[in-house]
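With this note's numbering applied, the sequence shown covers 537 to 764. Here a beta-carbon is modelled for each residue, glycine too, at the ideal position from N, C-alpha and C. The model shown is predicted, which means the values in this text are computed figures rather than measured ones.
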Amino acid sequence: MTIAIDGYSSSGKSTFAKAIAKKLNYLYIDSGAMYRALTLFCLRKGIIEEVKTNEGKIDQYLKNIKIDFIFNNRQNRYETYLNGENVEDEIRSIAVSEQVSFISTIKSAREKMVGIQRDLGQNKNIVMDGRDIGTVVFPEADIKIYLTADVDIRAQRRYKELLEKGLKVSFEEVKKNIVERDFIDENRKESPLRKADDAIVLDNSNMTPDEQLEWFINLYNSIKENDN
Ligand code: DC
């Protein structure tokens, strides 16, 4: 079964998707981590500004980029690898967050990422989260969920997460980044964030992770019952 979870930045997609994958014993794939890894690659190469003026510049690098997810037993989580290097923490930095929406507007970059996502997920029991999973990557997904939450609540969650990681940021900075990313994600030409016609909306503004999982399991069981 394929479960697609799309939605806004910091709407809790990965927490929700990971909890589902754990409960059902499915593979979890964080598609946003791939766009982040690609952005980190561009930042390190110092080519962001060049790519901004000439998007085609990125193409020559795409073929040399390998992204994997490897399970870390000690941390009990999948971690993102860029060309063999563990970049799980670095891809969550503000520097990457500031540029990733731009990088993910580039058509050739999206095609490359979608190819990897399909290869990773084809014919498997998976939960994948992102922006275009139910609309582009797996339009035939068995369950599609569109996650949303109030922008202040999303900013608060992200702010807390960054503070816990020891990063010095202000709430206003975090909120501004989220508002900007929402705008770019929804208005870009290539695969903009939008609800698939057959996706079910979940507004989790006032829900705990446990309540969301319970909501999902009820949905999952009712879909299973209807299939039988
Ligand atoms: O989910 P996230 O915030 O880690 O995603 C990082 C960025 O990647 C986000 O700004 C939009 C982009 N993205 C995308 O365009 N398509 C996806 N399937 C996943 C993420």
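When we look at the beta-carbon of L683 and count the other beta-carbons within 10 Å, is it buried (16 or more) or exposed? buried
Looking only at C-alpha atoms, which of K602, A573, S546, A557 sits nearest to Q692? S546
Ignore the nearest five residues each way along the sequence and tell me which others in D566's own chain have a CB closer than 7 Å to its CB. S550, D665
So, using beta-carbon positions, are K643 and E726 closer together than 8 Å? yes
Taking 7 Å as the cut-off, is the CB of R667 close to at least one heavy atom of the ligand DC? yes
What would DSSP say about V663, mapped onto helix, strand or coil? strand
Proximity test, G568 beta-carbon vs the ligand DC heavy atom, cut-off 7 Å: yes
When the distance is taken between beta carbons, is Y617 closer than 8 Å to V623? yes
Residues near D542 in its chain [Cβ-Cβ closer than 8 Å; skip 5 each side]: K549, D665, G666, R667, D668, I669, G670, T671, K680, I681, Y682, L683, L729, K731, A732, A735
Compute every distance between the C-beta of V636 and the non-hydrogen atoms of the ligand DC, then say whether any falls below 7 Å. yes
Can the beta-carbon of I539 be found less than 8 Å from the beta-carbon of A677? yes
Those residues which DSSP pairs with R613 across a bridge: N608
Quick test of your reading: V710 and R724, contact by CB under 8 Å. State the CB separation rounded to the nearest angstrom. Incorrect: roughly 21 Å between the Cβ atoms, too far for contact.
Around the C-beta of R690, are 16 or more other C-beta atoms found within 10 angstroms, so that it is buried, or is it exposed? buried
Scan the stretch 635-687 and note each continuous beta strand (DSSP E) run of 3 residues or more that stays entirely inside, going in chain order. 662-666, 679-684
Cα separation between S640 and L574? 9 Å
So V557 and V663 are supposed to be a Cβ contact under 8 Å. How far apart are they, rounded? Here residue 557 is Ala; the residue named in the question, Val, does not match the sequence. Confirmed, Cβ separation roughly 4 Å.
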